[in-house]
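From first to last, the protein sequence lines are chains A and B. Under this note's numbering, think of the first position of the first sequence as 270, with each following residue one higher. Under this note's numbering, think of the first position of the second sequence as 14, with each following residue one higher. I have placed the structure first, in the form of structure tokens, so that the comments after it can refer back to it.
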Amino acid sequence: MMSSHKDRTGKGGGLYARRPDVFPRAVDGFFRRLKWIVMAVTLTIYYVTPWVRWDRGPYAPDQAVLVDLANRRFYFFSIEIWPHEFYYVAGLLVMAGIGLFLLTATVGRAWCGYACPQTVWTDLFLHIERFIDGDRNAQIRLKQAPLSVGKVAKRVTKHAAWLTVGVLTGGAWIFYFADAPTLLRDLVTGQAAPIAYSTIGVLTATTYIFGGWMREQVCIYMCPWPRIQSAMLDERSLTVTYKDWRGEPRSHGLKRVEGQKTGDCIDCNACVAVCPTGIDIRNGPQLACITCALCIDACDEMMAKIGRPRGLIDYATFEDCEVERKGGAPVPIKRTLLRSRTLIYFGLWVAVGVAMLASLGARTRLDLSVGQERNPLYVQLSSGEVRNAYTVKVRNMETRERPVRISIEGLPGARMWDSLESEDKAAQVMEFTVGADQVTKRRIYVSAPRSGPAPADFAFRVESRDDTPNTDREETRFDRPEDGQ
Amino acid sequence: MSDEETKAIDPATGSEIKNHEWDGIRELNTPLPRWWLWTFYACIVFAIGYCVVYPAIPLVENATAGTFGWTSRGALDKEMAAAEAGRAATNKALAETPIEAIDPNSPLMRAAVEGGRAAFKVNCVQCHGSGAAGSPGYPNLNDDDWLWGGDIKTVYQTIRHGIRQPGDDLTRVSQMPAFGRDQLLTPVQIDDVVSYVRYLSKQEKPSQSAARGKALFAANCAACHGNDAKGGRQFGAPNLTDPIWLYGGSRDALTQTVTNARAGVMPSWEGRLDPVTVKMLAAYVHQLGGGE
């Protein structure tokens, strides 16, 4: 088939293609400024958070956000999460998931265009490149220029700057896992753990490679998210759209041929020049479009210059496009945002959030967990009583020591003693002190008469013996020979 | 005609259509990035290098050794040697300290118990069970009933030299007479003794048979089991008044025991296992719940 369609492959028919160079031109406008704000906020949060202090008293670290893997604690300001409370993290992930559904259903690939680390860091790297090499045209000239001292100097400076950002990025990451000031001192003096250096090394490499070299190829070839997101978009999701019914047929420059109808697009290629993924939005929606909206800014600028209304390229829903194409007025943005799908997503998102907050507010910081020993289930003692063994853990999740009392509920005639002590110490209750922010684990023997239900359900109970008493209880069972019934 | 002119372009995607065709379905060319091809070549180069330095190609008897001389068995040996070296200090301390002198709350005792737990799983569970709860004929080591004594030194002695182990002079030996088989007691008398023993352990109510058995017990059994029938550890004679029965406390089982006697055997572990492991086993058994 000989075709009159435009060949967009530009790849000479090979099975493998070189990466086409992308030199995005700088642009200013509403969306560019929005991106500046998002970039400033996200990068500030990322780099500064580990340095924020939060006083938790003498027994806990004073870092506001800390993933303490060695001691198995997660600190987030006033919230402290223990490993057995990992469901809060799961809840956060559920919220993040629903939040992305919500975002995608309303504003399309806004995550890709504004907040994805790949986008934010690539943007940062592009700005560094522009600062050193100049804007698009200067970059193209520099690439084509023969090797010279000036070119080498610029290249070295650029890659050094990129690597510096990479080191800072990798460096900031590890501060989330240890006390930041201490770790920084150790890093500088060479005393930090090898894993700290290797983590910085790996993250430096990924930041440098992804931000400096791979850029849009990460989005196009590596990331599963564009594929998933395109499945979550619907006719009423906002996407960056070239309004071809208004723009076509394109006129080249402002020289319009008398009597020939022309659209608003003057084929200035500004939208292509500013695109960080190097695509032409006028070819319609495509996987490589991360909806960063810089082409909207570029086009608006041009429309203002030639005295045409803005928005030849604009955020629009598929439904709006259909309406506008036929000459109708698009649905107001409020109705696009507030519809059953987005409201349900929002409702779910809020419900999970409220449930987590409520459970965080209501949780007690004294926890008892009991595991019955299964092998053997019970031991016949020479006294005629039967003994079971339990591993009892008392978690004191407060930053103070707490004296506690363990007792048994619902097992007549039961006595207990620590397995490290002799049976002479057996008693109805057991008392000990649990250190601040610690777990005390005891192996406890419980003996009870041989006669009784087999197995018998009963419970251990813990209560703190201080001025703000907390309690917790845990159901378990007592096994005995069945002939004892 | 150049390539460019003959290219067929798919209008929907703008991609080139290749000439391959299957039942009217034609293939688009979506070129892979060139760097991806280079990573593929890099993997091939890596694989070749890997085959050179590590064992890779299977031969008839073995495989190519690789220039590094690495083997998984060698890696295991190295790790085992490192682990052994890591335990050297503990093992030395255990070898030098008499078992009764190890502080029960010391790290040394905890190390001994953990070592014993591992050795028990390999050497002892066949008879005593994985939870050391025993089975008929093989004592439960969790309870407080000991035939030969339950303090740590005695347990250690029992494990070292075994019970009725031929060829070990220090082994624990005793022999209950086979009262029925050797016609020391008549079946009726045995029945009476069984009644008395079951009365002692509160399994039966007092009876005339038990009353007759009491006299027979005093004459025939009390020498080893004691006048109060609470057993005699110097003979490994069990306590007959408690609810714990090595061979069962039913009428049938007891009649069987008195008629034919019982004499369980445990191997002596000294010589089979190294001295430190035997000590560790004693530490482990002693802390199972019945240690005295």
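In this text, a Cβ means the ideal position worked out from N, Cα and C, and glycines have one as well. Given the structure is predicted, the values throughout are model-derived calculations rather than measurements.
Query: Rounded distance between the beta-carbons of V298(B) and I176(B), thought under 8 Å; Result: 14 Å between Cβ atoms; not a contact.
Query: Coarse secondary structure for W282(B), derived from DSSP in three states; Result: coil
Query: A250(B) classed as buried or exposed, judged by whether at least 16 other C-beta atoms fall within 10 angstroms; Result: buried
Query: Closer than 6 Å: T254(B) CB and nearest the ligand ATP heavy atom; Result: The ligand ATP is not part of the structure shown, which contains no ligands of any sort.
Query: Which of helix, strand or coil DSSP assigns to W323(A); Result: coil
Query: G302(B): contacting residues in chain A (beta-carbon distance under 8 Å); Result: V648, R656, A658, S688, Y714
Query: Test item: CB-CB of I582(A) and C544(A) under 7 Å; Result: no
Query: Any chain B beta carbon closer than 7 Å to K280(A); Result: For K280(A), the predicted model reports a pLDDT of 47, less than 50, meaning its position is unreliable; a value from the coordinates is still stated below. True, the Cβ-Cβ gap to chain B drops below 7 Å.
Query: Contained beta strand (DSSP E) runs [length at least 3] in the region 576 to 622 of chain A, N- to C-terminal order; Result: 582 to 585
Query: Q247(B) to T184(B) span [Cα, whole Å]; Result: 12 Å
Query: Inter-stretch contact (C-beta, 8 Å, three-pair minimum) for the region 562 to 580 of chain A and the region 327 to 337 of chain A; Result: no
Query: Nearest candidate by alpha-carbon position, reference A224(B), set Q202(B), A88(B), G79(B), V126(B); Result: Q202(B)
Query: Cβ pair count under 8 Å reaching 3, the region 99 to 116 of chain B against the region 137 to 157 of chain B; Result: no
Query: Proximal residues, the region 616 to 649 of chain A versus chain B, C-beta separation under 7 Å; Result: N644, P645, V648, Q649
Query: Residues near V592(A) by beta carbon distance below 8 Å, same chain, minus five either side; Result: A598, P599, V600
Query: Under 9 Å (Cβ pairs) to chain A, residues found in the region 32 to 53 of chain B; Result: N42, T43, P44, L45, P46, R47, W48, W49, L50
Query: Length of the line joining the Cα atoms of D181(B) and S281(B); Result: 7 Å
Query: Interface flag, P120(B) vs chain A, CB-CB below 7 Å; Result: no
Query: Residues that DSSP places opposite D549(A) in a beta bridge; Result: Partner(s): none; D549(A) has no beta bridge.
Query: Boundaries (first-last residue) of the alpha helix (DSSP H) holding P495(A); Result: 494 to 501
Query: Positions along the region 459 to 489 of chain A whose CB lies within less than 8 Å of some CB in chain B; Result: Q486
Query: Residue-chain proximity (M14(B), chain A), Cβ-Cβ < 7 Å; Result: Low confidence applies to M14(B): its pLDDT is 38, below 50, so where it sits in the model is not reliable, and the reading given next is rough at best. Answer no: the Cβ-Cβ gap between M14(B) and chain A never drops below 7 Å.
Query: Rounded separation between N104(B) and K166(B) - CA only; Result: 18 Å
Query: Reference Y383(A), options L437(A), G366(A), L303(A), closest by Cα; Result: L303(A)
Query: Three-state class that DSSP yields for Q408(A) in the structure shown; Result: helix
Query: Under 7 Å between C-beta atoms of W320(A) and A465(A); Result: no
Query: Contact set for C537(A): own chain, Cβ-Cβ below 7 Å, skip 5 residues either direction; Result: M571
Query: Interface flag, R287(A) vs chain B, CB-CB below 7 Å; Result: yes
Query: H428(A) classed as buried or exposed, judged by whether at least 16 other C-beta atoms fall within 10 angstroms; Result: exposed
Query: Close beta carbons around K423(A), own chain, < 8 Å, minus the five adjacent residues each side; Result: I401, D402, L411
Query: Residues bridged to I677(A) (per DSSP); Result: F729(A)
Query: Rounded distance between the beta-carbons of I397(A) and Y614(A), thought under 8 Å; Result: At roughly 37 Å, the Cβ-Cβ gap does not stay under 8 Å, so Y614(A) and I397(A) are not in contact.
Query: Every unbroken beta strand (DSSP E) inside the region 459 to 483 of chain A [3 residues or more]; Result: none
Query: P219(B) to Q707(A) span [Cα, whole Å]; Result: 57 Å
Query: Contact set for K20(B): own chain, Cβ-Cβ below 7 Å, skip 5 residues either direction; Result: E29
Query: Local Cβ density within 10 Å of K134(B), reported as buried at 16 or more and exposed below that; Result: exposed
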